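Q: Residue numbers (the working numbering), protein chains in the order written: chain A, 23 to 86; chain B, 117 to 247.
Before anything else, here's the structure in question.
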């Protein structure tokens, strides 16, 4: 099991949250939203491969 | 056994990290849940591989019809996957999507069983015409 991925996602979450706070306090709400979206897209790109791996495994195992 | 212990420790760490993620990035908490589910699901399914090999051996020994066993195994896989997906949807506060996933699963399982139902009806027809 790849624990690193979990740590990476948590770290990105914390960094995005800090950036969100900083940008919100300095009155840049749009940029804060964009930062949150960018973080979400990065994490989604990271886990897409994992989801594909899981579905491949299930396909092989259950004979779909 | 080592892999199992590592998986459990990983899930515990992920639970703590899930709680540590701030409220502003709730979406990332859901993504973290999906990632952990994918990884733990992969480990759990890999544990199941010898079981399915054993079932294949048993079906070969007992001359059971292979398509029937394959369909049963497929149904188990569909149920497990849909259970994961529906639990993730419920956790993220989207009960409607969870219900729809369950409905889609039920529909797919029904469509899988239609060939066997047709066979059964054929057998019953044959029995009735012979009588």
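C-beta: ideal position from N, C-alpha, C; glycine also.
Bear in mind the structure is a predicted one, so any value in this text is a computation, not a measurement.
Would you say residue 62 of chain A faces chain B, with C-beta separation under 8 Å as the test?
A: Output row for residue 62 of chain A: interface = yes.
Q: Tell me, please, whether the CB atom of residue 218 of chain B is closer than 8 Å to any CB atom in chain A?
A: Residue 218 of chain B does not count as touching chain A.
Q: With C-beta atoms as the reference, is residue 150 of chain B less than 8 Å away from residue 37 of chain A?
A: Result no, Cβ atoms of residue 150 of chain B and residue 37 of chain A do not sit closer than 8 Å.
Q: Hey, how far is the Cα of residue 46 of chain A from the Cα of residue 59 of chain A?
A: Using only the alpha carbons, I get a separation of about 14 Å.
Q: Buried or exposed: residue 148 of chain B, going by 16 or more other Cβ atoms within 10 Å of its Cβ?
A: Classification of residue 148 of chain B: buried, given that the 10 Å Cβ count is 16 or more.
Q: Are the stretch 178 to 194 of chain B and the stretch 217 to 233 of chain B touching, with three or more C-beta to C-beta distances below 8 Å?
A: With the cut-off at 8 Å, the stretch 178 to 194 of chain B and the stretch 217 to 233 of chain B touch.
Q: What is the rounded straight-line gap between the Cα of residue 185 of chain B and the Cα of residue 175 of chain B?
A: Taking the straight line joining both Cα atoms gives about 8 Å.
Q: Find the residues of chain B that neighbour residue 24 of chain A, judging by a C-beta separation of less than 8 Å, and give them in chain order.
A: In chain order: 155.
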